[in-house]
Amino acid sequence: MRKWIECPECGHPLSTIVERDEATGEIKIKFFCEGPGDDVFELEILTGLKEEDLADLREVGKVVKKEMKVVLIAREPESYSEY
237 MRKWIECPEC GHPLSTIVER DEATGEIKIK FFCEGPGDDV FELEILTGLK EEDLADLREV
297 GKVVKKEMKV VLIAREPESY SEY
């Protein structure tokens, strides 16, 4: 079984970046394709977590429930042209 998530457009592994939203302080996970083609796929997961939530995790196995949102930023198939 593979350990990566494939781009739904080209099948190459998606790259990820974890960053903090400057306006809200919320932790975001961005997925994007850097495959060899010209297709575009990018989405963001808004975790609902802030850095303070991570600091409050002190017990192993503790569960924190937050509402997560997934936002599709861009999706375009590779444009093919026939000669």
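The letter at position 20 of the sequence shown is residue 256 when you use my numbering, and the numbering goes up by one with no holes. Ideal placement from N, C-alpha and C gives every residue a C-beta, glycine not left out. All values derive from a computational prediction rather than experimental measurement.
Alpha carbons only, please: which of the options is nearest the one belonging to residue i?
{"i": "Lys-305", "options": "Arg-311, Val-299, Glu-280 and Glu-295", "result": "Glu-280"}
{"i": "Glu-245", "options": "Ser-251, Met-237, Asp-275 and Glu-288", "result": "Asp-275"}
Around the C-beta of residue i, are 16 or more other C-beta atoms found within 10 angstroms, so that it is buried, or is it exposed?
{"i": "Ile-253", "result": "exposed"}
{"i": "Ile-309", "result": "exposed"}
Cutting at 6 angstroms between CB atoms, please list the residues of its own chain near residue i, excluding the five before and the five after it.
{"i": "Pro-249", "result": "Trp-240"}
{"i": "Phe-267", "result": "Leu-250, Thr-252 and Leu-279"}
{"i": "Val-307", "result": "Glu-280"}
{"i": "Gly-284", "result": "Lys-302, Glu-303 and Met-304"}
Could you pull out every residue in the same chain whose Cβ sits closer than 8 angstroms to the Cβ of residue i, ignoring the five residues on either side in sequence?
{"i": "Leu-293", "result": "Val-300"}
{"i": "Ser-315", "result": "Asp-274"}
Is the beta carbon of residue i less than 8 angstroms from the beta carbon of residue j?
{"i": "Lys-298", "j": "Glu-262", "result": "no"}
{"i": "Leu-290", "j": "Lys-264", "result": "no"}
Apart from the five residues on each side of it in sequence, which residues of its chain come closer than 7 angstroms, Cβ to Cβ, to residue i?
{"i": "Glu-312", "result": "Asp-275 and Val-276"}
{"i": "Asp-257", "result": "Lys-264"}
Measuring CB atoms only, is the region 266-277 touching the region 295-302, in the sense that at least three cross pairs come out at less than 8 angstroms? Fewer than three Cβ pairs drawn from the region 266-277 and the region 295-302 lie within less than 8 angstroms of each other, which leaves the two stretches out of contact.
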